[in-house]
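S.K.:
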Amino acid sequence: MAGTRLCGAPKPSLPTTSRPTTLTPQARRTFQESFDSLEKTVQRYSRTDDREFSNTTLRDVRDAAKEVERQLAARQCMRNMKRLEPFLDGLEAYSKVIEVLCNGTPFLSWIWAPIKLMMQLATDHISAFEKLLAAYSQIAAMLPRFDRLGTALQDKPDFQQALAVVYSDILTFHEHAYKLFRRNGWICFFKSSWGQFGSRFNCILDSLAKHATLVDQEANAYLVSETMQWRREALQTVAKTEKDRSTAQLTAALAWLGLETVPHCGQAYQDNLLHRIINDCCDGTTDWILKNQRMRQWLQNGRGGPILWLKGKPGSGKSTLCAKIVQFLRAPRQSTVLFCFYSYIVSSTYPDPVVFILATLVSQILRQRSDLATYVYEEFVAESRPLSIRSLQELLSNLLPQLAMPRILVDGIDECIRYDIHGKPCDLTPVKDVLVSILQLENPTQACTPTKILIVSRDILELVGKLSKRPTLALDQESDALTADITRYATKCLETIRDRFADLVGVDNVLNDVKRNVVLKSQGMFLWVRLVLAQLEFDAYNLDDLENAVANMPHSLHDFYSRIVHRIMLYPTQSRERTINILKWMLCSKRPLRVIELQDAIVFASGAVSLSERSKLPPNIVDLCKPLIQTDDNGQISFVHFTVQEYLTKSNFISLRDAESCTTTTCLNYLTFSLNLSNSSIPATQKAVDVGRCLYSLQPYVHEHWLDHLLAFAAEVSRSTDQQLEAFLASFFFIYSHQYTRYLDPTDDLQVDILAAQTLEPRLQYLERYEHHYKFLCAYVVYRNAKQMHFENPADYQEPLDPMPLSVVQLVYATQIDYLLSAVTVPGLTQEQLDAFKTSNHSYAFVCRFPGCTGMLAGFPTDDLRTQHEMTHKPALFCTHSGCKYSLPFASQQNLRKHIRDFHDSGPKAVSKSITRRKATLLRGQSGHTPEPSPLGGLDARSQAQRLTKGPSKSLQQDQVTAKLHHFVQHYRVQQQQGKIPHGWQQGTPPEERGQLALQFFTQYRLLKPEIAEVESLRAALQFETQTFMSSKTNDEYVSDIKQKLIVMTTARQQQPQQQPQQQPQQQPQQQVNQRMQQQLQQLMQQHEQHEAQQLNKPKVNKKYYRCAVENCRNNKKTWPRLDNFKQHIERMHKGENVLDVIERSTCHPKNAETPMSQTKIFDSSPTLNNYNINIDQDLNRINDPRAPSVESPYWELTPEYWFDTAVPSEPMNGLPMTTAAPMSSIIDDEMMGTMDTDNLEDLFNMDESQLDAFFNLE
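Final position of the sequence shown in the UniProt record's numbering is 1259; the numbers increase by one with none missing.
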């Protein structure tokens, strides 16, 4: 250390004998642990790098840096390599301090050796090289000044510990950088991985900075201890932050895949199915598959082909063999096992089998390698990329090379068939599509080891062409192994029968004959053996029955199912109906039903509208359908094999229409019964007793799926008249009338967004002919969607009001469930009943509150598990930018993108697409081209529905208004096509022209009076446009009148700043513009005065008008100048009233026909603005209409006669400026559309056909 120099004042030399020659145990342990961690990482990737690091000197690193600089210069990609020099100088100073302490250890060279390798690997990729240099520069800035204090403090134990921590921090950075640059395809993952490392890198820099401060303060012992504690806490904090962010990204990635919210498609279903298959497997069977030569070659890495096709007939145990192979591969945890069991059930709930299988594989990869979720999140989720086959294939091609010995097993691709509405196969194309997509995974890019794929299926024609030349393991050729397995399985099953006949002589011989015959006739089908032996348990009561049953065994699954169906038809009438109803429910249920649910569903399916302890059926009622069905450990019922469902639909034993009719009957009858829970006359204690007796077990299922079953049956009936459907709607009427009379005002008409409901649920079209029921169903569909949006984002959407009593019923039910589960004793229930209730409901007590949840589970045992499940419906979005301190989730991707744009985007701001679109629209308008407004174009069904049903957003108010105008234009177009527009020039006016003029009026009015609510502005625009349209004689007059009004409002808006005190004179150019504008306005107003004079010279006619006098009429503030229009209003809105009587009571006669004075004259004669307002009111009262409102009235309706005379430039007089506009209260009243009693845009948008016709004066 003779060459070490201290900065500042000279320090006395310390005796060399006082310096320890070795490290303290604590410091040595820190050095050793950091070194071992990096060495282990390097050895895992490359033994060559291990040897290279041990022999690299600092001079080698400097030479390598110069060589890299020469290479970059030759490529004209020079970087500022001087940024590396401070880091190397700092390491040199550090090495001089520790070289004596670390003498005899390999620690020293590893602190700089990785730098050489990292530079060489990153040279060809400038962006990565730039980030690496920046990181080295940041570390150099934080290194302690060892050249100053190293010699003086070398003998201090705390200083040695600081040296060890610096060593640990630098090697931690090297370790993460090494793993990043040495992974397969590191270029693809560099951006996401480096961003993910950002928080830990900041922690390293903070640690270096803290210890640099300690070294500068001469390593105070207390500060060392505090800093070490801080370091531990900081590492724990950053580890927790990384874990939370990784979990959030994994949740968001899984939600993007969208499997968890679809019945029978989530990973839980795959795992449960695998577990059930393995548990059902008989011990000792299927062991031969692991010894098969072809299978052994496929299992071993580096041997055999990458593809193996395992094929066999239905029921031959293919799925069991596949499950056993998965279990075998999972045991040593050396391979990455990905599996997917596809079945008929999945095909009925997920529309695209290719997307389902690929998404399932990606989901399993992310669950096993959560570190890869960052890549999926940033590259696909945050970028809002669609879940498509192309995206999933790209994902798998990048993810599979990151896995160790990937093995993919796909079972049942032969079941990827599209079925028609009757449940029969109609399209086999998806089988080929799935096979092609799977085979493309054979050789993913950048893969070190090939991906091996096992395809398990039946031998069908669609697969032979692609797989005939691949290695194949046919179960038909493994008859000896299958026979041995079937014999072992039959022996186990016959033990149960042997116990029943143990006292009979000769039972062993008979059972041996049964076993031999079963094995001979099985033809390798385990399912056939299973069903036959299960049937023997029910039909055989003596040895003769056993022998006869074996002699008459059916030879195929189809024959066996036919025999069972024939036996069902021989049941007594009631038992037969119950059995068939069970099978119907099995075919159409939206999720697997539990026994406790199905036993109640049968009662309501028979037509009952109530349930009691006397009518409740026992759980063993489902045994009527055995052996076609099975019950798992959770009490859920399913078919024993998918071939059962195929047989029931293909044989027409049960039609899909009859099945949907059965489920709909059950749901509506139960809903009628469940109204008792909302009946206030029934005591709460009695409700608790009824729930505790399990009389309402169907509540969670029916509450969620009743509408799906009703619409499914309506789709089956299609547009034909069906008495049963009419009966269902009658039951539905009783249910919603219960809510309508109890909770809502009977006089309040229900406002429904028909367009949004049709967008959300297209099947509603089959019920349009039932007008009143159709309206309430639309209301419920809109409510359900609004509730779903409220659940996803409660801050932006208020909880809607349920138009039916179902929410109240569900709330009461959930309350009673919570009470019963926590109660020790309940009055009215025995302890046995309470215990039985808790046993059957504890595991499913907490039901998902997300509307439309399609999860396969009926509920969850704890609220925490339910909350965890509900988070999958609204995944959290986090900012993953390196160094971002904002750790809270974002409510939407839009908010996340805005956050990144505001805080992390240092480049130029991109021009908003909405601005560019509006600019293009304006340019097209200037060129004379007026495009048809289509504010909802380009959106999918769900996006359109959300745009139509969400409340007005501050950022999208103009788009919402455009959507409303578009709706009215579309309605007007339909009326025009149907010939309902009065004859004349109005009939040929394009609807788009009316919409554009109304939108222009709305825009000017909003600019003029921004304090007025948007709904009032829209109402004013539509009302004025409609009145002008109907009162104008020609199209030119119609357009001219509206354009004049736009000019008037523009002038009034420009005059508003002039009424305020001006501090400085305007510039000369602005004065010239004002003069030109005033001249143009003067010309226009002169033309207007001429038109006014012509109007005053017309003979005055005492015209009567009509104002509806029917009580509670929603349009009682509107006036009709024409009798025919008013008559049509009565016929449409008041069908029960006497038309002549209403006309007589509604006729209004003005007392004189004096025309109101010109507002220009009133303006000229008024000394002040206040007098002008008073004179306007007096002039209006001069009409002598007893019900004529004043200008300040909220129900003032402007007519064209009053409207066209508002602001006329005149000579300065009475101290008023020349171009002062009339007060806004007289130009446009805040409530000028008093004919419509609406509070928000949705009410305006939700008008029914008659209200729309009345609004457009189409009556």
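The C-beta atom is built at its ideal place from N, Cα and C for all residues, glycine as well.
All figures in this text were calculated on a predicted structure; none of them were measured in a lab.
What is the rounded straight-line gap between the Cα of residue 772 and the Cα of residue 1133?
M.R.: 15 Å
S.K.: Measure from the alpha carbon of residue 827 to the alpha carbon of each residue in 430, 806, 684 and 531, then state which is nearest.
M.R.: 684
S.K.: Helix, strand or coil: how does DSSP classify residue 363 here?
M.R.: helix
S.K.: Suppose you measure from the CA of residue 303 to the CA of residue 252; what does that come to, to the nearest Å?
M.R.: Looking at the two C-alpha atoms, the distance is approximately 38 Å.
S.K.: Is the beta carbon of residue 278 closer than 9 Å to that of residue 323?
M.R.: Their beta carbons are under 9 Å apart, which means residue 323 touches residue 278 by this criterion.
S.K.: For the beta strand (DSSP E) that contains residue 630, what are its first and last residues?
M.R.: Where residue 630 is concerned, the enclosing beta strand (DSSP E) starts and stops at 629-631.
S.K.: Is there contact here, the region 380-394 with the region 256-263, by at least three beta-carbon pairs under 8 Å?
M.R.: yes
S.K.: At which residue ranges does the region 427-467 contain complete alpha helix (DSSP H) runs of 4 or more residues, listed in the order of the chain?
M.R.: 429-439 and 461-467
S.K.: Does the contact criterion of 3 or more C-beta pairs under 8 Å hold for the region 678-696 versus the region 610-625?
M.R.: yes
S.K.: Compare the C-alpha of residue 282 against each of 486, 711 and 1014 and name the closest.
M.R.: Of the candidates 486, 711 and 1014, the one whose C-alpha sits nearest the C-alpha of residue 282 is 486.
S.K.: Do you know whose CA, among 688, 717, 765 and 700, lies nearest residue 830's CA?
M.R.: 688
S.K.: Terminal residues of the continuous alpha helix (DSSP H) containing residue 702?
M.R.: 699-717
S.K.: Given 8 Å as the limit, is there contact between the region 370-379 and the region 242-251, that is, 3 or more CB pairs closer than that?
M.R.: yes
S.K.: Please confirm if residue 432 has its CB atom under 9 Å from at least one CB of chain D.
M.R.: Among the chains of the structure shown, chain D does not appear; only one protein chain is present.
S.K.: Tell me, please, which residues DSSP counts as bridged to residue 407.
M.R.: Answer is 337 and 452, bridged to residue 407.
S.K.: For a test of the three-state rule: what should DSSP assign to residue 1205, helix, strand or coil?
M.R.: Confidence at residue 1205 is low in this model, with a pLDDT of 31, below 50, so the placement of that residue should be treated as unreliable; the coordinate-derived value is given next. DSSP places residue 1205 in coil when its eight states are reduced to three.
S.K.: Within this structure, are the beta carbons of residue 35 and residue 112 separated by less than 9 Å?
M.R.: The Cβ atoms of residue 35 and residue 112 lie no closer than 9 Å to each other.
S.K.: Going by the beta-carbon positions, is the gap between residue 84 and residue 58 smaller than 9 Å?
M.R.: no
S.K.: For residue 474, does the three-state DSSP call read helix, strand or coil?
M.R.: strand
S.K.: With DSSP run on the structure shown, which of helix, strand or coil describes residue 59?
M.R.: Residue 59 carries a helical assignment under DSSP once its states are collapsed to helix, strand and coil.
S.K.: Between residue 454 and residue 308, is the Cβ-Cβ spacing less than 9 Å?
M.R.: yes
S.K.: In the DSSP assignment, the beta strand (DSSP E) including residue 309 goes from what residue to what residue?
M.R.: Element bounds for residue 309: 307-311.
S.K.: With a 10 Å radius around its C-beta and 16 neighbouring C-beta atoms as the bar for buried, classify residue 73 as buried or exposed.
M.R.: exposed
S.K.: Are the region 290-304 and the region 619-632 in contact at 8 Å, needing three or more beta carbon pairs?
M.R.: no
S.K.: Within its chain, find whatever has a CB closer than 7 Å to the CB of residue 729; leave out the 5 residues flanking it on each side and keep chain order.
M.R.: Only residues of its own chain outside the window of five on either side were considered, and among them 770 and 773 have a CB closer than 7 Å to the CB of residue 729, listed in chain order.
S.K.: Mind the definition here: the region 432-446 touches the region 406-416 only if three or more C-beta pairs lie below 8 Å; say whether that holds.
M.R.: yes
S.K.: Counting pairs of beta carbons, one from the region 496-503 and one from the region 462-474, are three or more of them closer than 8 Å?
M.R.: no
S.K.: Who pairs with residue 1120 in a beta bridge, going by DSSP?
M.R.: 1106
S.K.: When you compare only the Cα positions, how much space is there between residue 674 and residue 731?
M.R.: 13 Å
S.K.: Whose C-beta lies closer than 6 Å to the C-beta of residue 165 among residues of the same chain, with five residues either side of it excluded?
M.R.: 211
S.K.: With DSSP as the reference, label residue 1019 as helix, strand or coil.
M.R.: Helix at residue 1019.
S.K.: Kindly confirm or deny that the region 167-183 and the region 365-373 touch, where touching means at least three C-beta pairs closer than 8 Å.
M.R.: no
S.K.: Kindly list the residues whose CB is nearer than 7 Å to the CB of residue 1004, restricted to its own chain and excluding five residues on each side of it in sequence; keep chain order.
M.R.: 1046, 1049 and 1050
S.K.: Does the region 552-560 come into contact with the region 512-526, if we say contact requires no fewer than three beta-carbon pairs (one atom in each stretch) closer than 8 Å?
M.R.: yes
S.K.: Quick one: complete alpha helix (DSSP H) runs, 4+ long, within the region 79-127?
M.R.: 85-98 and 113-122
S.K.: Check whether the Cβ atoms of residue 315 and residue 286 sit closer than 9 Å, and answer yes or no.
M.R.: no
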